[in-house]
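For the sequence shown, this note's numbering begins at 15 and goes up steadily by one.
We put the beta carbon where it would ideally sit given N, CA and C, even for glycine.
To start, the structure itself, in structure tokens.
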Amino acid sequence: GFLQPDRIEGCTTTLLTRTAEAAERLNCPVRLHCCQSMLEVQLIHERFGTSSLALLRDLGFLSRRALLPHGEYLGGIAPTPQLVEREMGWLAESGATIVHCPLVIARHGDALDSFGTFRERGISIGMGTDTAPPDMLLNLHVGVMTARIREQSMRVSAADYYTAATIGGADAIGRPDLGRLTPGALADITVFDLDNPRLLQFVDPVQTMVLNGTGRDFKTVIVNGRIVVEDHAIPGVDLNAWHRRAQHQYERLIASYPERAHLHPPVEEIFTPSFPVRRRES
């Protein structure tokens with residue numbers, strides 16, 4: 015298992031300190047959303063007069079057990095190249111892992127700066143989705159594209175992102191028996207359907223999977239030797255019925271957002287419609 019405080023701006027220093035102590039005592043990973051928005055940066059600066067990573071460092075939270083989505087906003091309220099470089103050094107020295115979530119952050123108009131630079135600095139990187147539906151292949155595809163745009167080069171490859179999603183994620187949670195096919199590892203296997211004509215022809219299967227595929231192209235999934243997806247379906251599960259139940263629960267969740275969100279805006283401001291909604295009068 016692992017510990018899961020939510021966002022750094024929603025946690026007290028006592029909670030963060032005790033969580034770090036518990037993670038040390040239990041020898042388990044701890045996940046905390048961090049450095050993901052300007053709002054977070056502003057709130058942390060107003061409350062503590064410092065940056066998010068500096069706060070975590072001062073509290074003893076930064077360690078190899080720390081899993082930190084997202085990492086886009088380093089350097090605090092007035093970042094400089096020197097401050098950003100310093101915080102990258104803290105990440106590398108501590109062994110903390112940046113959980114890279116390129117799809118969700120791109121939807122908000124931003125990107126990690128940059129995947130290649132973080133790797134050069136020796137920072138551990140795993141992959142997360144932090145959105146729904148959690149399509150890891152789409153996530154990797156967007157990651158490769160945004161990394162290349164940020165760096166204005168082709169040095170970041172599909173293989174780099176694939177490795178971050180497999181070995182990087184397993185190493186982040188201290189599980190050398192996951193994320194790889196090797197003696198002693200669990201039999202976790204996915205079968206990607208390269209015969210799908212939609213994907214067209216291929217030379218390199220990893221590039222085709224990451225740059226052309228989606229999660230719907232996985233034909234079979236095996237978890238610890240047990241088949242959980244076969245011929246694109248979950249045996250014994252009525253997905254349509256599950257979807258209807260999930261939609262009902264989701265609508266209840268959406269209705270609760272104004273109460274939970276910062277400054278309590280109305281639902282229409284949180285989830286803006288694509289086009290104006292006109293309701294007919296009865």
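C-beta contact flag for residue i and residue j at 7 Å
i: His155; j: Val224; result: yes
i: Ile203; j: Arg194; result: no
i: Gly227; j: Asp149; result: no
i: Ala161; j: Leu81; result: no
i: Met102; j: Arg135; result: yes
i: Asp209; j: Asp231; result: no
i: Tyr271; j: Ile284; result: yes
i: Leu97; j: Gly89; result: yes
i: Arg100; j: Ala37; result: no
i: Gly188; j: Gly140; result: no
i: Pro83; j: His47; result: yes
i: Phe62; j: Leu53; result: no
One or two residues paired with residue i in a DSSP bridge
i: Phe206; result: Phe232
i: His59; result: His59 pairs with nothing; no bridge assigned.
i: Gly140; result: Val113
i: Arg45; result: Leu81
i: Leu17; result: Val44
i: Ala247; result: Glu244
i: Val237; result: Arg240
Exposure of residue i, with buried meaning 16 or more beta-carbon neighbours within 10 Å
i: Arg45; result: buried
i: Val55; result: buried
i: Val170; result: buried
i: Asn12; result: The first residue shown for the chain is 15 and the last is 296, placing residue 12 beyond what the model contains.
i: Ile268; result: exposed
i: Leu126; result: buried
i: His122; result: exposed
i: Val118; result: buried
i: Ala201; result: exposed
i: Ile58; result: buried
i: Ala92; result: exposed
i: Glu60; result: exposed
i: Pro280; result: exposed
i: Ser138; result: buried
i: Thr222; result: buried
i: Glu244; result: exposed
i: Phe289; result: exposed
Supposed close pair residue i, residue j - CB separation, criterion 8 Å
i: Thr33; j: Pro19; result: 5 Å
i: Tyr175; j: Gly157; result: 5 Å
i: Ser77; j: Gly109; result: 6 Å
i: Leu73; j: Leu105; result: Contact flag wrong, Cβ pair sits at about 15 Å.
i: Tyr87; j: Ser128; result: Tyr87 to Ser128, Cβ: 14 Å. No contact.
i: Ala172; j: Val220; result: 6 Å
i: Ala178; j: Asp191; result: At roughly 18 Å, the Cβ-Cβ gap does not stay under 8 Å, so Ala178 and Asp191 are not in contact.
Counting Cβ pairs, one atom from each stretch, are 3 or more of them under 8 Å apart for the stretch 142 to 153 and the stretch 111 to 119?
They touch, by the three-pair rule.
Are at least three pairs of beta-carbons, each pair with one atom in the stretch 160 to 180 and one in the stretch 233 to 250, less than 8 Å apart?
no
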